[in-house]
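Numbering of the sequence shown is given in full-length UniProt numbering, commencing with residue 1 and proceeding in unit increments. Read through the structure below, which is laid out as structure tokens, and then see the notes.
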Amino acid sequence: MTYTRTIATVCLSGTLDDKLIAAAHAGFDGVELFEPDLVASTMTPSQIRRRCDELGLDIVLYQPFRDLDSVDPDQFERNLTRLDRKFDVMSELGVDLILVCSNASADAVADIDQLGRQLCAAGELAARRGMRIAYEALAWGTTVDLWQTSWEAVRSADHPAVGLCLDSFHILSKSSTLENLSEVPGDKIFFLQLADAPHKNMDVLQWSRHYRLFPGEGGFDLVAFTAAVIHAGYRGPLSLEVFNDVFRQSAPVRTAIDAVRSLAALEAGVAGHRPPPLGKVAFVEMTVTPTALSATENVLSTLGFARSATHRSKNVTAWTQSGATILVTVTTEAAEEDATAIAAVGFETPDPAGFAAQAEDLHVAALPRVIRRGEAELPAVASPDGVSVFFVSTTQDWRRDFDRVLAIDAAGPHGITVIDHISVTAPFDRYEESVLFHRSVLGMRTDDVAEYPGPYGLVRSHLLRAPHGFGVALDGPLLRRGRWSPGVQTPQHISFATTDLLGLLTELPAHTPILPIPANYYDDLQARLHLDDEFVKQLQRLNILYDRTARGEYLHAYTTVIGSQVYFEIVERRGEYSGRPVYDAPIRMAAHVAARRGQTSSDT
């Protein structure tokens, strides 16, 4: 089934013309015209209509019309006059559907039959003008705050020009369901508005006006929601109405592309199409400057990696240990402050070209690459967090582009086994877009979402995992940060898994740059978890951080920062421990600050 894709102009930043251009550029079929955008525009309604025609956009809805019903008959008549004036504007715009919100004031009609009569009167007025009314239950409405109540009012109105507008946020934020939606005739669902959101325990009005997200970026099950509405017989547009402070101050074209990607992914989910599962991680690539190369190679070597291969035509070296491969690429093009970075991840898949084509269907552009004769074709796309994603054939060995130095097939008795996850700092304006990319394009699922205090402000972290276990943690500040920030502004790390962290660290050379952890942490750890004294002393001696839950244990240690922003983590999971220990993150951040300043826990 093909759906019409539309977006409310309130989702985007800029002037009305900026918003229309962005929507058209992203490939939307039409827009919901938000009245404040019209009022502030220098274009007349007829000029707006012509501009939309030029851009290939339909105006599918005019909104919002507030406080229609009233307990005061005279006020209700004035409201009808106001509605009639809106129909004048809509006639010039060429749109025949208006969104009427449930009344959130003290003047709201409490009796559903009376409300139905007033909606019927409004429907009569609309029908005479060739218009229709889509009635929506606001989650904070005085009388009507549930879609079921809005349906009672529409059914009571019993007018062909009055139907429902179903808004996913207003419904799902109230923990409401669509269980009885089959009782509503499909032709009485006039419009569908879609928005995702993170789960928050806060005033629903503030939640709605500041924290809505595009589908796939939050915690609502919009695939099931949308499928239920379509199953009920709805055949109108899939329309986005997202109020979000970040989106409304971000570049409108980029936001619009993210929005249309969310709808494409939602449609695929409704149709039962899921991204094919990615295979294991073939490699993680780091870029380093010539000045940071020696330090990077020394750390990899001390952790047990060996230089296994060198690229025939590029300045790339492969470092391998068991199932973990790190590619180190020397670059002179990046700025010194961000030159040491996680540049790429390679995933194995039986059909690299097909996976890349599917990514393009989700409006993710392929990365241009220079492929020399005889070299493996590795389709790649760029994630919003700046890391390139390569799709590597499981049948065509990508390592044929390298001259093999030696083969490393297995780790030692205490060695690193695989790459557990990477952590990157997602750009503030593209954080939610990054979440959507990993969910929709790579088929990852949320494993853990956390917020914690860092030395320079609150940090949010979203860990996503692929079916085979590899994870990507997206970190970033909760609030937009200014130009100055102490320490490493965009830290990244690569996390390696081991089955014996204590044994591994015991065997490491003394010069391995393991991050020192303050003694206070271990005093607190023992008090919190009632651990054995000798075990805590062992953890402290090796600078291991520790967590325990009912399902298992998590032991991990870090290196100091290498170059400008990258460091390594070594993780041992015991039992069925999932996620990450949030409590340890501020400790690690403060320890990195102290290490960069040359301080230790013994300093006074």
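Ideal Cβ placement from N, Cα and C applies to all residues, glycine included.
Option in the options with minimal Cα separation from residue i
i	options	result
T549	L542, V561 and R580	R580
F28	C52, Y234 and E92	C52
E553	E576, Q193, A590 and A324	E576
E183	R155, S173, Q526 and V204	R155
A585	A527, L505 and S423	S423
L542	R551, H556 and W398	H556
R373	A365, A353, S388 and D401	D401
V95	K280, F34, A591 and S301	F34
E451	P45, L436 and L474	L474
A271	A497, L293, L240 and A228	A228
A366	P350, D351, E375 and F390	F390
residue 663	I98, T142 and A224	Given a span of 1 to 604 for the chain in the structure shown, any question on residue 663 remains unanswerable.
T349	G279, A594 and A122	G279
Alpha-carbon spacing of residue i relative to residue j, whole angstroms
i	j	result
R5	E77	36 Å
residue 612	G469	Since the first and last residues shown for the chain are 1 and 604, residue 612 lies out of range.
A339	Q565	8 Å
D145	R209	16 Å
Y135	S13	27 Å
G56	G30	8 Å
S393	Y456	42 Å
S186	D447	Rather than Ser, the amino acid found at residue 186 in this sequence is Gly. Going by the C-alpha atoms only, they are around 37 Å apart.
residue 608	L194	In the structure as shown, the chain begins at 1 and stops at 604. Residue 608 is therefore absent and cannot be evaluated.
A232	L166	12 Å
W484	A466	Reliability fails at W484, whose pLDDT of 48 lies under 50, so the model's placement of it is uncertain and the value that follows must be treated cautiously. If I take the Cα positions, the gap works out to 35 Å.
V60	G236	10 Å
D58	A356	31 Å
R312	L378	16 Å
K537	L300	27 Å
C101	V370	55 Å
G503	F535	13 Å
Y234	W151	15 Å
C11	E32	10 Å
V582	R573	15 Å
K19	L508	57 Å
H592	V89	60 Å
V281	H25	35 Å
G219	V449	11 Å
L125	L240	28 Å
D158	I7	29 Å
F428	D397	37 Å
A104	D111	15 Å
L192	P215	13 Å
L80	M131	14 Å
A410	A590	In this predicted model, A410 has a pLDDT of only 47, less than 50, meaning its place in the structure is not dependable enough to derive any value.
G415	E433	36 Å
Whole-angstrom C-beta distance between residue j and residue i, which should lie under 8 Å
i	j	result
D37	T2	About 28 Å separates the two Cβ atoms, so there is no contact after all.
L238	L263	6 Å
P290	T332	7 Å
A22	A265	Not a contact, Cβ separation roughly 19 Å.
L93	I48	6 Å
A139	S175	That belief does not hold up - the Cβ atoms of A139 and S175 are roughly 10 Å apart, past 8 Å.
F169	A137	Not really, about 11 Å apart at Cβ, beyond 8 Å.
S46	T15	In fact, because the Cβ distance is near 18 Å, the residues do not count as touching under 8 Å.
L164	K188	6 Å
T325	T317	The pair is not a contact, with the Cβ atoms about 11 Å apart (cut-off 8 Å).
F87	R129	4 Å
R596	Y558	About 13 Å; that fails the 8 Å criterion.
Heavy atom of the ligand FMN within 6 Å of residue i beta-carbon
i	result
F470	The model on display carries no ligand, and the ligand FMN is accordingly not part of it.
Those runs of the beta strand (DSSP E) which lie wholly inside the stretch 370-448 and span at least 3 residues: Whole beta strand (DSSP E) segments, 3+ residues: 380-382, 388-393, 402-404 and 416-425.
The stretch 65-80 touching the stretch 118-127, judged by at least three CB pairs closer than 8 Å: Flag = yes, the stretch 65-80 and the stretch 118-127 touch.
Complete beta strand (DSSP E) runs within the stretch 262-347 (minimum length 3 residues, chain order): List check, beta strand (DSSP E) in window: 281-288, 306-311, 316-321 and 324-330.
Complete runs of the beta strand (DSSP E) confined to the stretch 216-261 [at least 3 residues]: DSSP runs (the beta strand (DSSP E)) wholly in the stretch 216-261: 238-240.
The stretch 437-447 in contact with the stretch 493-507 per 3-pair CB rule at 8 Å: Under the three-pair Cβ rule at 8 Å, the stretch 437-447 does not count as touching the stretch 493-507.
At least 3 beta-carbon pairs within less than 8 Å: the stretch 373-390 vs the stretch 242-250: No, the stretch 373-390 does not touch the stretch 242-250.
Minimum length 3: unbroken beta strand (DSSP E) runs contained in the stretch 31-82: Segments of the beta strand (DSSP E) lying fully in the stretch 31-82: 58-65.
Segments assigned alpha helix (DSSP H), at least 4 residues, entirely inside the stretch 473-521: 501-507, all fully within the stretch 473-521.
Beta strand (DSSP E) runs wholly inside the stretch 153-216, at least 3 long, in chain order: Contiguous beta strand (DSSP E) elements confined to the stretch 153-216 occur at 162-167 and 189-194, taking only those with 3 or more residues.
Given 8 Å, three or more beta-carbon pairs between the stretch 360-371 and the stretch 294-309: The stretch 360-371, when compared against the stretch 294-309, does not touch it at the 8 Å Cβ threshold.
Touch test, the stretch 511-520 against the stretch 415-430, Cβ-Cβ under 8 Å, three pairs minimum: With the cut-off at 8 Å, the stretch 511-520 and the stretch 415-430 do not touch.
Runs of alpha helix (DSSP H) wholly within the stretch 520-603 (minimum 4 residues, chain order): 533-542 and 584-596, all fully within the stretch 520-603.
Alpha helix (DSSP H) segments (min. 4 residues) lying fully within the stretch 92-159: Listed in chain order, the complete alpha helix (DSSP H) runs (minimum 4 residues) inside the stretch 92-159 are 112-128 and 147-157.
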